[in-house]
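**Q** Handing you a structure now.
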Amino acid sequence: MKTIERLRIKKTGLDAEYESAVNDSRFRNICFVSAGNLSKSSYRYRNKHREKLCRIIDERSLCVRAIKIVENKAFTPDEVEKCRLEIMHCYREYDRPLPMPLPIIDFARIIRLSFRDEYKSVLKKYPIILDFEDRNGIYIVALDDKIIHKWPELDDGAYK
1 MKTIERLRIK
11 KTGLDAEYES
21 AVNDSRFRNI
31 CFVSAGNLSK
41 SSYRYRNKHR
51 EKLCRIIDER
61 SLCVRAIKIV
71 ENKAFTPDEV
81 EKCRLEIMHC
91 YREYDRPLPM
101 PLPIIDFARI
111 IRLSFRDEYK
121 SVLKKYPIIL
131 DFEDRNGIYI
141 VALDDKIIHK
151 WPELDDGAYK
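Once you know that position 42 of the sequence shown is 42 in the UniProt record's numbering, the rest is easy, because the numbers rise by one and skip nothing.
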């Protein structure tokens, strides 16, 4: 099975799991009826359910990001910033906001660090594409950290 098919199947499964978790009637009743006065078992169930929702959301965002890499779609600075916010607790050098003159390799490194072990195979096969939404073009960071700079004018056919 191809990587993209496997990732799409996983994403649809996570979407279905999220919908069933959100529509869980026991969780809804606990949150609605209790109004802050929970029994011990209800409190534990509510906390476990919230942890489950957070895990599903995190896993889905990783899966969407992996699909984006496999489909060769570009990452914007906002998406790189979201990746930085995810990894800043583990990697202290990324606890400050990203300056724009930061090297392109560091932006790709932030995206790579945001993935867990199960998605490392995607990072070993496909390059990371960065688009800074200006007229400087698109940067393709290869697997060996070589940067290929692609000008948008050449893609439009202006200079043929």
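From the three backbone atoms N, C-alpha and C, an ideal C-beta is built for every residue, glycine too.
Once DSSP output is grouped into helix, strand and coil, what is the label at Tyr119?
**A** Helix at Tyr119.
**Q** Within the segment 43 to 131, note down every full alpha helix (DSSP H) run reaching 4 residues or more, in order along the chain.
**A** Those alpha helix (DSSP H) runs which fall completely within the segment 43 to 131 and span 4+ residues are 77 to 87, 104 to 113, 120 to 125.
**Q** Quick test of your reading: Ile111 and Ile128, contact by CB under 8 Å. State the CB separation rounded to the nearest angstrom.
**A** Correct: roughly 6 Å between the Cβ atoms.
**Q** Locate the alpha helix (DSSP H) running through Lys10, then write down its first and last residues.
**A** 3 to 22 is the span of the alpha helix (DSSP H), which, as asked, contains Lys10.
**Q** Among Val64, Ala21, Ile57, which one has its Cα closest to the Cα of Asn45?
**A** Per the sequence shown, residue 45 should be read as Tyr rather than Asn. Cα-wise, what sits closest to Tyr45 is Ala21.
**Q** Would you mind reading off the limits of the beta strand (DSSP E) that contains Lys150?
**A** Segment 147 to 150, the beta strand (DSSP E) holding Lys150.
**Q** Are there 16 or more other CB atoms within 10 angstroms of the CB of Ile108, so buried, or fewer, so exposed?
**A** Going by the sequence as given, residue 108 is Ala instead of Ile. By the 10 Å Cβ count, Ala108 comes out buried.
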